[in-house]
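Numbering (mature numbering (1 follows the signal peptide of the UniProt record, and there is no 0)), first residue to last: -20 to -1, 1 to 219. Don't be surprised by glycine CBs; every beta carbon is placed ideally from N, CA and C. Please read these numbers as outputs of a predicted model, since none were measured by experiment. Comments concern the structure below.
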């Protein structure tokens, strides 16, 4: 299997100078495709044979922008060569399109399809079709505060909460279900909540919520939340 892959890649690059010409005479307009994380998506690419109608053998290569080596190579009836990152997820759809299953957030980006006609001699080279894949994903927490926080009465505490997703989730803080905004008591900024001049009246459940249009589709009421409780203790000090 390793020998076959090495031979195939070598043959593709060795023919690229003369016989491996493009499937079309002109570049196609880029495509823009959107998928949801976990779903399947098809990146379109077509094959046009010469005007004489001759069915010439061709190789399909798929690249991801920024990576010089194709992650998917398919030549006729042979098993495709697939990069481990796409193993079990990438397959040929139709003549040259690519299907990606179980789409991941890291799959987002620009893709290029190159169709190499191995017996074509005319002096044109079509560098393939460009497709931009956008992957929408629900919010996922990357950092959450501890479930319980103890603070000295009169002091302050800052609670941090971060999440990622596409589109970028909005972070809000709630106390007993009521959304908090910046006041003399609270400072809300970039996912963090600072509670100032804490008293016993500040005890209760505080919730960090990350939500987006993607998130609302998955978990009623459309958010991921972590609760924490602030308890206050009056500590005696001795001079």
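Any non-hydrogen atom of the ligand FAD within 7 angstroms of residue 63 CB: The ligand FAD is not among the ligands present in this structure, which contains no ligands whatsoever.
Proximity to residue 118 [Cα-Cα], best of 92, 127, 148: 148
Burial state of residue 47, where buried means 16 or more other Cβ atoms lie within 10 Å: exposed
Between the CA atoms of residue 195 and residue 143 - distance to the nearest angstrom: 12 angstroms
Residue environment, residue 90, which counts as buried when at least 16 other CB atoms sit within 10 Å: exposed
Start-to-end residues for the beta strand (DSSP E) that takes in residue 52: 52 to 55
In DSSP terms, what residue 44 is bridged to: 91
N- and C-terminal bounds of the beta strand (DSSP E) containing residue 83: Neither: residue 83 is in no beta strand (DSSP E) and is coded neither H nor E.
Cβ pair residue 115, residue 83 closer than 8 angstroms: yes
CA nearest to the CA of residue 73, picked from 64, 88, 85, 52: 52
When 166, 156, 159, 146 are compared against residue 15, the one with the closest alpha-carbon: 146
DSSP bridge partner residues for residue 144 (one or two, in chain order): 120
Which listed residue (108, 9, 159) has its alpha carbon closest to that of residue 41: 108
Exposed unless 16 or more other CB atoms sit within 10 angstroms - verdict on residue 94: buried
Cβ shell of residue 122 (< 7 angstroms), same chain only, five flanking positions each side left out: 142, 143, 144
C-beta contact flag for residue 187 and residue 139 at 8 angstroms: no
Inter-residue spacing [alpha-carbon to alpha-carbon] between residue 168 and residue 66: 41 angstroms
Residue 134 to residue 176 span [Cα, whole Å]: 8 angstroms
Opening and closing residue of the beta strand (DSSP E) in which residue 184 lies: 184 to 191
CB-CB length for residue 111 against residue 178, believed under 8 angstroms: So it is not a contact: roughly 53 angstroms between Cβ atoms.
Boundaries of the beta strand (DSSP E) in which residue 11 is found, first to last residue: 11 to 16
Assigned exposure category for residue 189 - 16 Cβ within 10 Å defines buried: buried
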